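Asker:
Numbering (the numbering used here), first residue to last: 1269 to 2009.
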């Protein structure tokens, strides 16, 4: 499953003013975003309405105006695909679940819906039910051309005061993109591909002999349609509030759970999974032509650019997972609607960040190997009410501090902050003691654990003052901790809890993620920290540590280290353009073969050993190497050791830079000159640790990521001798297990 169908929208794209397509839809110069992050204009000092405003609020989106907001929905579901596309079982149920929710929430039960017809070769039905304007395309209705008509003739009627929701349940796929997208040339004449993997992510439409038309609606075509409806009837300071949800999977690279739910199918279609781009180029239609994209939109551009409309995208699972299709409905859609219906039954509104957490938790209870993904595009505010768009809830707050004449916020990639945002991530700086608004600003450069900010009102902050910032982004999911044991100590820990670390105490509610960590209060007065899933032990905090307050402080500090370690292992940047520019290899030598080394690649490496192969019956010799595949970009490499005791150690001898002006493709560099010695101690059968390589286009303040271990490590020799903040970055994680035969 793709991270999102609009995955490519996270790539930087130059400012554009695309030519409008169809229905005389007006273009809007603000609809595309620049390659470089630029500050928003200075806002007027806001008056504090209720609820508290987010930075740069949409003036038309407040609760008192909710009754005037119309909901324009286009719901598409396909079960009965004609051959050779496999049929599905739950897509119509998805559409019907969403329809029931929308009618109950926005429909008028006292009046029969008004039925309208979109004229065309095949009439399409639109129903007006209270505030809801609904068009549903099922099975044979859901053709390529009908979906486009649904956007232009139905969703295109929404004004800047209205909301648009496009939902698709069906198959997804990946198809080879046009050469122009894959080999795009920037203003300097350098290749800067808009699609680094060379493929479009597509929705598989309904097509048979009678309907004809294309089978695939590409991501870049959906981008054009979203741009059209965002600008068709928008106002000077308002655009439609746009929501996109996609219950399908595209990469087909995911793996099934060992025990899938009964009736499980995947929502992925790929008729030629093994073909390379070169092989596809030899077949008619194997590689799409630029002029074939939505009425020749891109073929008419003088400079190839993809338009962007502010919106939020819900997608069914991660790029390496499969979207579950069950007879009762898709895992993702069922979880989404259930979260919405339960909130409605309790009289609560949800903002998008909260809806993300609740939907994901429900989905993982149905299928443990499916994690729904949400993404905000074009400055969309995740702390707004679902479908209504008015400000709701409070973003997480982070400390703001002054250093070397600059202002920083203690928030970075490890917290989920995008390191390579399409546009400025907005912040609201407040006095930490009074909670009053001090000034607005935005993230200037995002780092690993803290980020540089730029304030829009100069000299508003006192370098000696205390400030916190609300940041408008979808943060990393919280980690939940289960407490158990001696009630008095458990209660003391609850009362002293602080959620600013994005670590929450589990209350056993259905909407929570399963607890990842466990803290046991012992009868002896101490605490034991464990992995809640595997039961493995992290560290003890004995009663001898000090007072209860000191013990609780130690527990919280250890949990913070554990969570940072877990998040660094998971840290990734799927939108990176540089991942294919190099190879990362682990070189391993044993006692019998030294100094000859065996090289390993991949995310998981298993190395069998015996006593004859180990140095001192406990160690192998390791080195780490990067090799350039292309030499068109200067690259910085930072290697970290992530030990089982949650330590993070910088392994390079020093920052490693491979400069394109000095090196050719095929050049290699060892990230450290000395060997790294590690393996199972004589009393251990196997040991595992993680190595993380961060590759960036600019220097990284790697010291932000390092941390000491919770407890002393065994059998590690960092000098074994047997004889920053970046515009683009990527991560390679290698889990290495050494096991005795």
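Glycine included, every Cβ here is placed at the ideal spot set by N, Cα and C.
Just so it is clear, the structure is predicted and the values come from calculations on it, not from any experiment.
Using the Cα positions of residue 1494 and residue 1932, report the straight-line distance between them to the nearest angstrom.
Answerer: In a straight line, the C-alpha of residue 1494 is about 42 Å away from that of residue 1932.
Asker: Here's a check: name, in chain order, each residue in its chain whose Cβ is nearer than 8 Å to the Cβ of residue 1291, leaving out the five neighbours to either side.
Answerer: With a pLDDT of 32 at residue 1291, under the threshold of 50, the modelled position of this residue cannot be trusted, and the question is left open.
Asker: If you draw a straight line from the alpha carbon of residue 1537 to that of residue 1846, how long is it in whole angstroms?
Answerer: Roughly 28 Å separates the two Cα atoms.
Asker: Sorted by chain position, which residues of the same chain lie with C-beta nearer than 7 Å to residue 1800's C-beta, five sequence neighbours on each side aside?
Answerer: Cβ within range, chain order: 1750, 1783, 1784, 1785, 1786.
Asker: What's the gap between the Cα of residue 1666 and the Cα of residue 1824?
Answerer: Going by the C-alpha atoms only, they are around 17 Å apart.
Asker: Hey, quick one: how far does the alpha helix (DSSP H) through residue 1475 stretch, first residue to last?
Answerer: Looking at the DSSP string, residue 1475 is not in any alpha helix (DSSP H), and its letter there is neither H nor E.
Asker: Taking contact to mean 3 or more Cβ pairs, one atom from each stretch, closer than 8 Å, check whether the segment 1849-1865 and the segment 1804-1817 are in contact.
Answerer: No, because fewer than three Cβ pairs between the segment 1849-1865 and the segment 1804-1817 fall closer than 8 Å, the two stretches do not touch.
Asker: Quick test of the definition: if touching needs 3 or more C-beta pairs under 8 Å, does the segment 1475-1489 touch the segment 1395-1404?
Answerer: They do not touch, by the three-pair rule.
Asker: How close, in whole Å, do the beta carbons of residue 1841 and residue 1999 come, if the pair is a contact with beta carbons under 8 Å?
Answerer: Yes, they are in contact, since the Cβ atoms of residue 1841 and residue 1999 sit about 6 Å apart, within 8 Å.
Asker: Could you tell me the distance, in whole angstroms, from the CA atom of residue 1578 to the CA atom of residue 1640?
Answerer: Cα to Cα, residue 1578 sits roughly 20 Å from residue 1640.
Asker: Closer than 8 Å is the cut-off here; do at least three beta carbon pairs connect the segment 1570-1577 with the segment 1602-1613?
Answerer: With a cut-off of 8 Å, the segment 1602-1613 and the segment 1570-1577 do not count as touching, because too few Cβ pairs lie within range.
Asker: Just checking my contact of residue 1888 with residue 1875 at CB under 8 Å: how many whole Å lie between their CB atoms?
Answerer: Their Cβ separation, rounded to whole angstroms, is 7 Å, which keeps residue 1888 and residue 1875 in contact under 8 Å.
Asker: Could you tell me which whole beta strand (DSSP E) segments of length 3 or greater appear in the segment 1347-1404?
Answerer: If we require 3 residues or more, the beta strand (DSSP E) runs fully inside the segment 1347-1404 come out as 1382-1386, 1392-1397.
Asker: In chain order, which beta strand (DSSP E) runs of at least 3 residues are fully inside the segment 1745-1824?
Answerer: Listed in chain order, the complete beta strand (DSSP E) runs (minimum 3 residues) inside the segment 1745-1824 are 1747-1753, 1771-1773, 1785-1789, 1795-1799, 1805-1809.
Asker: Between which two residues does the alpha helix (DSSP H) holding residue 1414 run?
Answerer: Residues 1412-1417.
Asker: Rounded C-beta distance between residue 1908 and residue 1918? I'm assuming under 8 Å.
Answerer: Between residue 1918 and residue 1908 the Cβ distance is about 6 Å, and since that is below 8 Å, they are a contact.
Asker: Taking the beta strand (DSSP E) that residue 1546 belongs to, which residues open and close that run?
Answerer: Unbroken run through residue 1546 is the alpha helix (DSSP H), 1545-1549; no beta strand (DSSP E).
Asker: Residue 1890 and residue 1859 look like a contact to me (Cβ under 8 Å); what is the Cβ gap, rounded to whole Å?
Answerer: The pair is not a contact, with the Cβ atoms about 13 Å apart (cut-off 8 Å).
Asker: Closer than 6 Å by C-beta to residue 1549: which residues in its own chain qualify, once you throw out the five before and the five after it? Chain order, please.
Answerer: Result list for residue 1549: 1555, in chain order.
Asker: Looking only at its own chain, which residues have a Cβ that is under 8 Å from the Cβ of residue 1309, when we skip the five neighbours before and after it?
Answerer: In this prediction, residue 1309 has a pLDDT of 41, which is less than 50 and means its spatial position is unreliable; what the coordinates show is noted afterwards. Contacts found: none.
Asker: Here's a check: name, in chain order, each residue in its chain whose Cβ is nearer than 6 Å to the Cβ of residue 1598, leaving out the five neighbours to either side.
Answerer: The residues are 1358, 1362, 1437, 1515.
Asker: Judging by CA-CA distance, which residue of 1711, 1953, 1854 is the nearest neighbour of residue 1944?
Answerer: Comparing Cα-Cα distances from residue 1944 to each of 1711, 1953, 1854, the minimum goes to 1854.
Asker: So for residue 1658, helix, strand or coil by DSSP?
Answerer: Correct three-state label for residue 1658: coil.
Asker: Please return the same chain residues whose Cβ sits closer than 6 Å to the Cβ of residue 1737, not counting the five positions on each side in sequence.
Answerer: Counting only Cβ-Cβ distances below 6 Å, and skipping sequence neighbours, we find 1666, 1668, 1677, 1695, 1697.
Asker: From which residue to which residue does the beta strand (DSSP E) around residue 1429 run?
Answerer: Looking at the DSSP string, residue 1429 is not in any beta strand (DSSP E), and its letter there is neither H nor E.
Asker: Determine the burial state of residue 1552: buried for a count of at least 16 other Cβ atoms within 10 Å of its Cβ, exposed for fewer.
Answerer: The residue in question, residue 1552, is exposed, as its Cβ has fewer than 16 Cβ neighbours within 10 Å.
Asker: Do you know whose CA, among 1707, 1652, 1471, lies nearest residue 1727's CA?
Answerer: Per the Cα distances, 1707.
Asker: Please classify residue 2004 as buried or exposed, where buried requires at least 16 neighbouring CB atoms within 10 angstroms.
Answerer: With 16 or more Cβ atoms within 10 Å of its Cβ, residue 2004 is classed as buried.
Asker: Run through DSSP, which three-state label would residue 1345 get?
Answerer: Strand at residue 1345.
Asker: Give me, in chain order, the residues of the same chain whose beta-carbon lies closer than 7 Å to that of residue 2022; leave out the 5 immediate sequence neighbours on both sides.
Answerer: The first residue shown for the chain is 1269 and the last is 2009, placing residue 2022 beyond what the model contains.
Asker: Return the first residue and the last residue of the beta strand (DSSP E) that residue 1489 is part of.
Answerer: Per DSSP, residue 1489 belongs to no beta strand (DSSP E); it is in the alpha helix (DSSP H), 1487-1499.
Asker: Going by DSSP, name the residue or residues bridged to residue 1711.
Answerer: Paired residues: 1721.
Asker: Grouping DSSP H, G and I as helix and E and B as strand, with all else coil, what is residue 1606?
Answerer: Helix, per DSSP.
Asker: Can you tell me whether residue 1648 is helix, strand or coil according to DSSP?
Answerer: DSSP places residue 1648 in coil when its eight states are reduced to three.
Asker: According to DSSP, residue 1924 sits in a beta bridge with which residue or residues?
Answerer: Residue 1924 pairs with 1905.
Asker: Tell me which same chain residues have a C-beta within less than 7 Å of the C-beta of residue 1653, skipping the five on either side of it?
Answerer: Cβ within range, chain order: 1617, 1619, 1660.
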